[in-house]
Amino acid sequence: MLEAQDLAARRGTARLFAGLGLAVAAGDALVVTGANGRGKTTLLRMLAGLTIPEAGEIRLDGASVRAFSPALRAAVTFAGHALALKDEMSARENLASLVTLCGAQVDDAELDAALDRVALGERKRLPSRLLSQGQRRRVGLARLALSRRRVWILDEPVTALDASGAALLGELVAAHLARGGLAVASTHAPLALPPARVRTLSLD
Amino acid sequence: MAIAQHDDPDAGGDALAGLAWALARDLRLALRTPSELGVQLLFYVVVVTLFPLATSPDRALLAALGPGVLWVAALLASLLSLPRLFALDLADGTLEQMAMSPRPLPGIVSGKILAHWLTTGLPVVLLSPLAALQYGLDAGEIGVLAAGLALGTPILSLLGAIGAALTLGVRAAGALVALLVLPLYVPVLIFGAGAVDAFRAGMAFDANLSLLGAGLIAATLGAPFAAAAAVRIALD
């Protein structure tokens, strides 16, 4: 259960939102919509514990969590605009590196299976700078496929993905929800998810 | 300590895992771009070589100048790569993933600093005996110089990391890092170059080296926490 109460955000002198509350239960997804500059990314970074709210409180399973707190860092997988890929390393090395950083243990077979699943199997040894924008996004999908964290926070996850990539993202999130995880995503394109489990928060 | 409370009390093993992760990754990246390493070393060699050419071939003068020049060159070589220490990771999003890792950030930062020293400081230490020959230093003086550099260059990387983290996202970060960090380097420079002078004068040089060692311990314990705190501020 991820909750927020009375959240307020300011970027420079512009007030983005105030008095914002939300609650996402295990097994549910929250889709955040809003025009550019309404604070979608800021809200997601607050929930991930990367940005300190100007006001308000974030609770994980009832316990108040601050930015960068160990409880949040142990529970959240955050996929932001920046993909955290190193151009010099291959897709496979990047994936292994990110997964290890999150403290997870995966073996070679799992890595290869995840890369095959996102259709990068043939390209997994290429330096990442040779990958297209969509293929780079697919490395992020492979990371999600390996993530067993309870909370996924995805900032514009559909960007640069083709139709099959977007469908795969929907599958991954649906499987995550079915496992009892929860997800918060900001997106313009609709996610292919079971409608009963999805709620929408508009910042407009 | 406020920052230490941030992390699990039983996170010692995690911190080491984070250190090992960052060290392995940064070393791998450094080896993938060997030209960057080469440029820094070449810079050191060129700076060290310019002084004998620009001053005079007088042996006594060169021997007097030598330790100071070698130290200043080591300092500049260390500065050269500092702006990139965190900036690349900030730009591609790796830094926020590091800050969100269950491993404590100071441990990860320590790994990055260690990798920075292994790729910039250690080669300078290893090259210094060769460079010192140009200044006519004798074997004993070279030994004291190299020992001082071995103790001092990690301090340069540690203090430099704080400056690099504080200037994240700032325009002209390179110049600002130099302005922030160079004053902090002064004691290292004084004790390091002073050790060779003391040895030459037949005085006790080990006091200088001991002070460098003490500085290294203090910097190792403090700098990763300060740099990690600065990284978190930069991400906000």
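Those protein sequence lines, which keep their order, are chains C and X. If you count by our numbering, then the first sequence holds residues 26 to 229, one letter each, in order. If you count by our numbering, then the second sequence holds residues -3 to 232, one letter each, in order. Ideal Cβ placement from N, Cα and C applies to all residues, glycine included. All of these numbers come straight from a predicted model, not from anything done at the bench.
Can you grab the Cα-Cα spacing for the pair residue i / residue j, in whole Å?
{"i": "X:P100", "j": "X:P48", "result": "47 Å"}
{"i": "X:L164", "j": "C:H213", "result": "31 Å"}
{"i": "X:A191", "j": "X:P125", "result": "15 Å"}
{"i": "C:A139", "j": "C:G146", "result": "9 Å"}
{"i": "C:G105", "j": "C:D137", "result": "23 Å"}
{"i": "X:A111", "j": "X:A18", "result": "8 Å"}
{"i": "X:S77", "j": "X:V35", "result": "10 Å"}
{"i": "C:I187", "j": "C:G159", "result": "Residue 187 of chain C is actually Asp in this sequence, not Ile. Distance between the alpha carbons of C:D187 and C:G159: 7 Å."}
{"i": "C:G64", "j": "C:M71", "result": "10 Å"}
{"i": "C:L218", "j": "C:S89", "result": "29 Å"}
{"i": "X:L175", "j": "X:L154", "result": "16 Å"}
{"i": "C:I83", "j": "C:L27", "result": "8 Å"}
{"i": "X:A223", "j": "X:G198", "result": "39 Å"}
{"i": "X:A230", "j": "X:A161", "result": "8 Å"}
{"i": "X:W113", "j": "C:L126", "result": "22 Å"}
{"i": "X:V184", "j": "C:G59", "result": "53 Å"}
{"i": "X:S43", "j": "C:L226", "result": "Here residue 43 of chain X is Val; the residue named in the question, Ser, does not match the sequence. The straight-line gap from Cα to Cα measures roughly 60 Å."}
{"i": "X:S31", "j": "X:L212", "result": "29 Å"}
{"i": "X:L118", "j": "X:G107", "result": "15 Å"}
{"i": "C:A100", "j": "C:E79", "result": "23 Å"}
{"i": "C:G206", "j": "C:N119", "result": "24 Å"}
{"i": "C:D230", "j": "C:A121", "result": "Nothing can be reported for residue 230 of chain C: it is not among the residues displayed for chain C, which extend from 26 to 229."}
{"i": "X:G170", "j": "X:V105", "result": "19 Å"}
{"i": "C:I77", "j": "C:A92", "result": "6 Å"}
{"i": "C:S153", "j": "C:V209", "result": "27 Å"}
{"i": "X:I138", "j": "X:G209", "result": "18 Å"}
{"i": "C:K149", "j": "C:V143", "result": "11 Å"}
{"i": "C:T38", "j": "C:L179", "result": "26 Å"}
Tell whether a beta-carbon distance below 8 Å holds between residue i and residue j.
{"i": "C:R98", "j": "X:P102", "result": "no"}
{"i": "X:V177", "j": "X:L123", "result": "no"}
{"i": "X:A146", "j": "X:L66", "result": "no"}
{"i": "X:A95", "j": "C:L75", "result": "yes"}
{"i": "C:A109", "j": "X:G132", "result": "no"}
{"i": "C:L151", "j": "C:S115", "result": "yes"}
{"i": "C:G46", "j": "C:A29", "result": "yes"}
{"i": "C:L193", "j": "C:L216", "result": "no"}
{"i": "X:T149", "j": "X:A70", "result": "yes"}
{"i": "X:A226", "j": "X:I158", "result": "yes"}
{"i": "C:A54", "j": "C:R222", "result": "yes"}
Any beta-carbon of chain X closer than 8 Å to the one on residue i?
{"i": "C:A107", "result": "yes"}
{"i": "C:K65", "result": "no"}
{"i": "C:T58", "result": "no"}
{"i": "C:K111", "result": "yes"}
{"i": "C:G128", "result": "yes"}
{"i": "C:G146", "result": "no"}
{"i": "C:A99", "result": "yes"}
{"i": "C:F93", "result": "yes"}
{"i": "C:G81", "result": "no"}
{"i": "C:G74", "result": "yes"}
{"i": "C:T38", "result": "no"}
{"i": "C:H213", "result": "no"}
{"i": "C:S122", "result": "yes"}
{"i": "C:T125", "result": "yes"}
{"i": "C:F103", "result": "yes"}
State yes or no: is the beta carbon of residue i nearer than 8 Å to at least one beta carbon in chain C?
{"i": "X:M(-3)", "result": "Here the model assigns X:M(-3) a pLDDT of 35, short of 50, so the residue's position is not dependable, and the following value carries that caveat. No, because no Cβ of chain C sits closer than 8 Å to the Cβ of X:M(-3)."}
{"i": "X:L231", "result": "yes"}
{"i": "X:T29", "result": "yes"}
{"i": "X:L25", "result": "yes"}
{"i": "X:W113", "result": "no"}
{"i": "X:R167", "result": "no"}
{"i": "X:R80", "result": "no"}
{"i": "X:R196", "result": "no"}
{"i": "X:A226", "result": "no"}
Report the partner residues of residue i according to the DSSP bridge assignment.
{"i": "C:S115", "result": "C:P152"}
{"i": "C:R84", "result": "C:E28, C:S89"}
{"i": "X:I158", "result": "Partner(s): none; X:I158 has no beta bridge."}
{"i": "C:D180", "result": "C:S211"}
{"i": "C:S227", "result": "C:T58"}
{"i": "C:L47", "result": "C:A29"}
{"i": "C:T102", "result": "C:W177"}
{"i": "C:A34", "result": "C:F42"}
If we count the other Cβ atoms within 10 Å of its Cβ and call it buried at 16 or more, is residue i buried or exposed?
{"i": "C:V49", "result": "buried"}
{"i": "X:L27", "result": "exposed"}
{"i": "C:V176", "result": "buried"}
{"i": "X:G62", "result": "buried"}
{"i": "X:P220", "result": "buried"}
{"i": "C:L155", "result": "exposed"}
{"i": "X:N204", "result": "buried"}
{"i": "C:R162", "result": "buried"}
Using a beta-carbon distance cut-off of less than 8 Å, what residues from the stretch 85 to 99 of chain X approach chain B?
-> Protein chains in the displayed structure are C and X, and chain B is not among them.
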